Amino acid sequence: MNKYLLLFMVLLVSWNSEAQYQLSGHFLDDDTRSPIPFAHVFNLADSTGVIADFEGYFNLQTEASFCELRISCVGYEDTTIAIDLTEVSHLDITLRPAVITLIGSEVVARRWHPGLKYTPVKVIDPKRLSSGLMQHSASIFSTVEGVSSISTGTNAGQPAIRGLFGSRVGVIVDGVPQQNQQWGVDHGLDIEPWLIQEFGVHKTGAGLIFGPNASAGAIEVSTVPKLAPGDLFAKGVVRGLSNTGLVEGAAQIGKRWDKLSLSTSLSMKGYGDFALPADSFEYLERDLPLKDGRLVNTSGTANAQSLALEWKAPVHSFTATFRRNSQEYGLFPGIFGIPSVDDLDGDGDRRATQLPRMTSLHSVASLAYNRRYNNGTLNVIGALQQNTREEIGEPHIHGNAPLPESTLALGLKLNTAFVDVDWSGSNLNKMSYFVKGQAEFQRSESEGWEFLIPDYDQDLLSVVGGVQYDIWGGELLGVARLDYQRTSTSLFEEPLYNGNEEIVGFWIRSEENEVSNTNLGGSLSFEKSLPMRAVLAIHASRVVRSPSAYELSANGVHHGTFRHERGNQALTPEKGYVLDAELKRFNHWGINPFAGYYSNFIFLAPSATFSQLPEAGQVYQFEQSEVMRYGVEAFWQYELKSYEVELAGQYVSSFVFEEGAALPWTPPFSGSIKLTKNWQPSPQSNIYLSPELQITSAQNQVFKNEDETPGYQLFNLSLGYIFEAPKMNIDLAVFGTNLLNTNYINHMSRYKILDLPEVGANVGITMIITFNTTNQ
Amino acid sequence: MKSNLFLVALCVLTLVACKDEKDNENPIISSVKINGEVPTDHVHLDAGTDMVIEVRSTDNEELNQLKIELHPNEDGHSHDEVGGEGGADGDWEVLDVLNVSGTAQTTTRTYSIPETIRGEWHLGISLLDAEGNEAADKFYELDMENEIIPNIEVVSINGSVVEEEVEVEEGMNIDVAGTATDSDGLDEIHVHLEDEDGNELWEMEYDANGETSFDLSAISFAVPASGTTHADFAIEATDVNGHSYSWVVEFHYE
Numbered sequence: 002m003n004k005y006l007l008l009f010m011v012l013l014v015s016w017n018s019e020a021q022y023q024l025s026g027h028f029l030d031d032d033t034r035s036p037i038p039f040a041h042v043f044n045l046a047d048s049t050g051v052i053a054d055f056e057g058y059f060n061l062q063t064e065a066s067f068c069e070l071r072i073s074c075v076g077y078e079d080t081t082i083a084i085d086l087t088e089v090s091h092l093d094i095t096l097r098p099a100v101i102t103l104i105g106s107e108v109v110a111r112r113w114h115p116g117l118k119y120t121p122v123k124v125i126d127p128k129r130l131s132s133g134l135m136q137h138s139a140s141i142f143s144t145v146e147g148v149s150s151i152s153t154g155t156n157a158g159q160p161a162i163r164g165l166f167g168s169r170v171g172v173i174v175d176g177v178p179q180q181n182q183q184w185g186v187d188h189g190l191d192i193e194p195w196l197i198q199e200f201g202v203h204k205t206g207a208g209l210i211f212g213p214n215a216s217a218g219a220i221e222v223s224t225v226p227k228l229a230p231g232d233l234f235a236k237g238v239v240r241g242l243s244n245t246g247l248v249e250g251a252a253q254i255g256k257r258w259d260k261l262s263l264s265t266s267l268s269m270k271g272y273g274d275f276a277l278p279a280d281s282f283e284y285l286e287r288d289l290p291l292k293d294g295r296l297v298n299t300s301g302t303a304n305a306q307s308l309a310l311e312w313k314a315p316v317h318s319f320t321a322t323f324r325r326n327s328q329e330y331g332l333f334p335g336i337f338g339i340p341s342v343d344d345l346d347g348d349g350d351r352r353a354t355q356l357p358r359m360t361s362l363h364s365v366a367s368l369a370y371n372r373r374y375n376n377g378t379l380n381v382i383g384a385l386q387q388n389t390r391e392e393i394g395e396p397h398i399h400g401n402a403p404l405p406e407s408t409l410a411l412g413l414k415l416n417t418a419f420v421d422v423d424w425s426g427s428n429l430n431k432m433s434y435f436v437k438g439q440a441e442f443q444r445s446e447s448e449g450w451e452f453l454i455p456d457y458d459q460d461l462l463s464v465v466g467g468v469q470y471d472i473w474g475g476e477l478l479g480v481a482r483l484d485y486q487r488t489s490t491s492l493f494e495e496p497l498y499n500g501n502e503e504i505v506g507f508w509i510r511s512e513e514n515e516v517s518n519t520n521l522g523g524s525l526s527f528e529k530s531l532p533m534r535a536v537l538a539i540h541a542s543r544v545v546r547s548p549s550a551y552e553l554s555a556n557g558v559h560h561g562t563f564r565h566e567r568g569n570q571a572l573t574p575e576k577g578y579v580l581d582a583e584l585k586r587f588n589h590w591g592i593n594p595f596a597g598y599y600s601n602f603i604f605l606a607p608s609a610t611f612s613q614l615p616e617a618g619q620v621y622q623f624e625q626s627e628v629m630r631y632g633v634e635a636f637w638q639y640e641l642k643s644y645e646v647e648l649a650g651q652y653v654s655s656f657v658f659e660e661g662a663a664l665p666w667t668p669p670f671s672g673s674i675k676l677t678k679n680w681q682p683s684p685q686s687n688i689y690l691s692p693e694l695q696i697t698s699a700q701n702q703v704f705k706n707e708d709e710t711p712g713y714q715l716f717n718l719s720l721g722y723i724f725e726a727p728k729m730n731i732d733l734a735v736f737g738t739n740l741l742n743t744n745y746i747n748h749m750s751r752y753k754i755l756d757l758p759e760v761g762a763n764v765g766i767t768m769i770i771t772f773n774t775t776n777q
Numbered sequence: 024m025k026s027n028l029f030l031v032a033l034c035v036l037t038l039v040a041c042k043d044e045k046d047n048e049n050p051i052i053s054s055v056k057i058n059g060e061v062p063t064d065h066v067h068l069d070a071g072t073d074m075v076i077e078v079r080s081t082d083n084e085e086l087n088q089l090k091i092e093l094h095p096n097e098d099g100h101s102h103d104e105v106g107g108e109g110g111a112d113g114d115w116e117v118l119d120v121l122n123v124s125g126t127a128q129t130t131t132r133t134y135s136i137p138e139t140i141r142g143e144w145h146l147g148i149s150l151l152d153a154e155g156n157e158a159a160d161k162f163y164e165l166d167m168e169n170e171i172i173p174n175i176e177v178v179s180i181n182g183s184v185v186e187e188e189v190e191v192e193e194g195m196n197i198d199v200a201g202t203a204t205d206s207d208g209l210d211e212i213h214v215h216l217e218d219e220d221g222n223e224l225w226e227m228e229y230d231a232n233g234e235t236s237f238d239l240s241a242i243s244f245a246v247p248a249s250g251t252t253h254a255d256f257a258i259e260a261t262d263v264n265g266h267s268y269s270w271v272v273e274f275h276y277e
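One line per chain: the protein sequences are Y and L, in this order.
Using the working numbering, read the first sequence as starting at 2 and increasing by one per residue.
Using the working numbering, read the second sequence as starting at 24 and increasing by one per residue.
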């Protein structure tokens, strides 16, 4: 009996051992080929799972011969693979961070924060922008539906997401929110476009991750090249534009040894006066001539430098970055008052910059630490920033005041310290989560004989948490954010003089004030895959934003907007409820409607009073009102053999209930049709020709005292050559914008106030050469 | 799903849009009178006299502020309906912001035109209602005539029309062409050159003997040395009543 029992047990054990299949695997980063530790493998066949070790290896045992493995790892895109274990016993698996593939382009990757996973995101390969249909860095983002650029100067601009901009749109560079909107909404971006490795646009929900200054959306930019061990990377860019005679060059080089990589970049550009198809303009009801169709004294220079040092091990990584961006450009005559006809004659030198002019310097140093654990990832970022801006002009007198001795009209200096600690975790099965703490401290000082905004301190402390759960065949994500913001503004008194230059009193331009608010925001998102690779994502959020120091206490003529802007210390935190739905099929087509209701939207409205400042016109004051905003973006792309067709359109509508009018600066409907014909003379090269028609409708949705603008059509054309070899890429494009020299007013340009049209026919050339050698 | 969401949004919009809306109608500057007369494009006024401006403002609900602005047209700019050759002596400017109320109001202001100005001035009138709606501005060109102070017209220096500055060098001879005039009679002409630090480099006085005109070709001198690169060359005419007028140009030492 014992003999038979023993035989039975031996057979049973041997049968069991034959039924066990084994799979070993190794996870690697698709960008860098570095091992990925602690990735999760979940076997859908038997609902068991394992976690990869420190070096990215794992072993899985199962009784099923054919299984589907769902692989997840914080910071990387989830993926599911089907595998026949009777044929395969080992796999090298590469994971890519949140991958979106573009038609006719290469796959680009970006590690989005898990809290933004289900928000509408679009990633554009900056290489496609070599066709360079842009005048300033902000316009590169307007290639994304729903994003436009606001021209805030001749060579400066800032992005607008669905018509909102300034302190509502965050620009996040290498994980650090950029500061440059604190002194009014007209200040352009301090980003060198050619250093951008990749960027993404979060049209909604970004404020919950990046803070109140991204309440309407955020643009995330990374500037550090991704390098694999042994890589040597170099990029050179040259570019020219006919309208301003712009010439610019940029160079970037990076090298990665085993765990250490170093990259650095340098860029410079110079440009002459802006040319417009007009011979006069209007300033505070004065008709003034434009000599030779040029905006005199709008020439300038800009340069940028960056340095990045990375140390990457399987579990730890450190990244230290330093960026510096400086600009100097002339301010259109009359920026400190009404220009005289003589001022508009200029000095005859198109590239020389005279008074008045502006200089700015933006420096950012950051240190990031990343630590991967078997159940999550810790990310810590600390950054110091300094923004300085000086507006320099010939001194002039206010009233009976003595003539200032300095040429410094306005000097602004902002120091910002930022810390972000983020823990993103997951378990093997259906749930992942994150918690985040943020702190931001700002100190701003101003000087000069003009006044715009008082000295102020602002502190922001935040905690954020989010949970994602697999349910109803999709993924549900809930996020909550709690902000505490304190803003303290200083008293500013301007002396008043009698005819003997004796002080006889003071005009209080800004009261001393301290405001603190605690705000709670949150969102709920659901994303579900549909048949035919379509995806539906719905996002509902409550966004809360405390008023900025500028909105609370500004009181002076803003030289970028040509008017007297005044803060309002009675403002309360702005609360909005936004619903966003996106339905798209891969990158073939998509539609993205949204609607938002704000109980007390903050905006700059014309007041019922005139400025007491000379040559300043009507005072514009920050007010609050119930506002409804809604709109839609849509795109469609189609490839047929060597042809590509791209259609895109965007529409925003807004309504200020108490006024019965639209919000000021509501963008008009716009759409584009682009046709591309490709030729491939060799497997490594491509020649393309892309005519494009941009259509913008008339904008009749305006606020009181805001001018309506007529519609227009622009014709653009690009001709390019792309050569892609394993170690070298060449991207050469010759392009023309507004080739029919259409005279049009951009509704979103500050120069609309001066009744100035936009640039006429403009021809440019861009060449980008990239080398990348690797020993792998 | 999507369409349902937008239906809800549309309903909310429609419901709340039924609330009372603010006034979006612009106020109107119905009429302007200068010294009791409706002004034409060009209004002739005399320095040293009073100018009475009468503005009639109207609004459908409530007026708020009226702005009267006077500025010299030194450079020849224009305002839509106002033309103008430019040229103004004196720096008289007025920025008068007045509160107005009701749906219609007539505002009358009197301004004393200084005795020291001459040339082309612009009068601008702006109006806001209580909701910040802005009226279409009104602009008028004022020709300020002056019989009180002397007048100086310099035709040329060393044969060249004078612009912003005159290029000179030490020892160079300066010859002025032009006239100084005054209907009451000129007393004296004082000519002097002063460097940027305020040091007098050269000066000369000419007796005009009460004549109504003085020929400036009498002014001739050699440019003296200067410690600075720029110097102000001034011709000051004084009439028999003690009223004076100065004409100044900058000398740039090469």
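Beta carbons are placed, not taken as given, at the ideal position from N, Cα and C, and that holds for glycine.
These numbers were taken from a predicted model, which means no experiment stands behind them.
*Interfacial residues, the segment 731-763 of chain Y to chain L, with Cβ spacing under 9 Å*: none
*Could you pull the start and end residues of the alpha helix (DSSP H) that I539 of chain Y belongs to?*
It is not in any alpha helix (DSSP H) - I539 of chain Y instead sits in the beta strand (DSSP E) that spans A535 to R546.
*asked:* I'd like the list of long-range same chain contacts for G650 of chain Y, defined as Cβ closer than 6 Å, with 5 residues on each side in sequence excluded.
replied: A635 and G672
*Spatial neighbours of L150 of chain L within its chain, please: CB distance less than 6 Å, with the 5 preceding and 5 following residues excluded, ordered by chain position.*
P50, I52, S80, L89 and A158
*Looking at the unbroken beta strand (DSSP E) that takes in Y551 of chain Y, where does it start and where does it end?*
Looking at the DSSP string, Y551 of chain Y is not in any beta strand (DSSP E); the run it does join, the alpha helix (DSSP H), is A550 to S554.
_Three-state secondary structure (DSSP) of I141 of chain Y_ = helix
*asked:* Can you tell me where the alpha helix (DSSP H) holding I210 of chain Y begins and where it ends?
replied: A207 to F211
*Show which residues of chain Y have a CB atom less than 8 Å away from the CB atom of L165 of chain L.*
Neighbours of L165 of chain L on chain Y: none; closest Cβ ~15 Å, over 8 Å.
*asked:* Quick check on DSSP: helix, strand or coil for S243 of chain Y?
replied: coil
*asked:* For V263 of chain L, would you say it is in contact with chain Y, using Cβ-to-Cβ distances shorter than 8 Å as the test?
replied: no
*Along chain Y, which residues have their Cβ under 8 Å away from the Cβ of E226 of chain L?*
Within 8 Å Cβ-Cβ: nothing; E226 of chain L doesn't reach chain Y, min ~25 Å.
_If we define contact as Cβ-Cβ less than 8 Å, is A127 of chain L a contact residue for chain Y?_
no
*Specify whether the segment 401-413 of chain Y and the segment 374-384 of chain Y touch according to this definition: at least 3 beta carbon pairs, one from each stretch, less than 8 Å apart.*
no
_For S445 of chain Y and L553 of chain Y, what's the separation of their Cα atoms in angstroms?_
14 Å
*asked:* Checking 8 Å against the spacing of the C-beta atoms, do I136 of chain L and A70 of chain L come in under that value?
replied: yes
*Quick one: is A111 of chain L near chain Y, going by C-beta distance under 8 Å?*
no
*asked:* For a minimum of 3 consecutive residues, which ranges assigned as the beta strand (DSSP E) are wholly contained in the segment 54-84 of chain Y?
replied: 58-63 and 67-73
*Closer than 8 Å, CB to CB, is K128 of chain Y near chain L or not?*
Unreliable placement is indicated for K128 of chain Y, whose pLDDT of 48 sits below 50; the coordinate value is still reported in the next sentence. So no, K128 of chain Y is outside the interface.
*Mind checking the segment 130-163 of chain L against chain Y and listing, in chain order, the residues whose C-beta falls within less than 8 Å of any C-beta there?*
G147, S149, L151, D152, A153, E154, G155, N156, E157, D160 and F162
*Tell me which same chain residues have a C-beta within less than 6 Å of the C-beta of S719 of chain Y, skipping the five on either side of it?*
S132, S691, A734 and F736
*So what does DSSP say about W637 of chain Y, is it helix, strand or coil?*
strand
_Residue environment, T767 of chain Y, which counts as buried when at least 16 other CB atoms sit within 10 Å_ = buried
*asked:* Given the structure, does P36 of chain Y come close to the ligand ATP, in the sense that its CB is under 7 Å from one of the ligand's heavy atoms?
replied: What this structure holds is no ligand at all, so the ligand ATP is not there to describe.
*Between which two residues does the beta strand (DSSP E) carrying A366 of chain Y extend?*
R358 to Y374
*Out of Y:I754, Y:N687, Y:S683 and Y:F670, state which residue places its alpha-carbon closest to the alpha-carbon of Q714 of chain Y.*
Y:F670
_Chain-ordered chain Y contacts of V120 of chain L [CB-CB under 9 Å]_ = T610, F611, S612 and Q613
*Taking only the alpha-carbon atoms, compute the straight-line gap between D207 of chain L and G201 of chain L and give it to the nearest angstrom.*
19 Å
*Beta-carbon neighbours of N87 of chain L, restricted to chain Y and to distances below 8 Å*: A609 and T610
*Taking the continuous beta strand (DSSP E) assigned at G182 of chain L, which residues delimit it?*
Unbroken run through G182 of chain L: none, as it is neither H nor E.
_Suppose you measure from the CA of E660 of chain Y to the CA of R630 of chain Y; what does that come to, to the nearest Å?_
14 Å
*Tell me, please, which residues DSSP counts as bridged to F333 of chain Y.*
Note: F333 of chain Y sits in no beta bridge, so no partner.
*Please say whether D421 of chain Y and G176 of chain Y have beta carbons closer to each other than 8 Å?*
yes
*DSSP three-state assignment for I171 of chain L, whether helix, strand or coil*: coil
*Measure the C-alpha to C-alpha separation of Y77 of chain Y and A40 of chain Y and round it to an integer number of angstroms.*
9 Å
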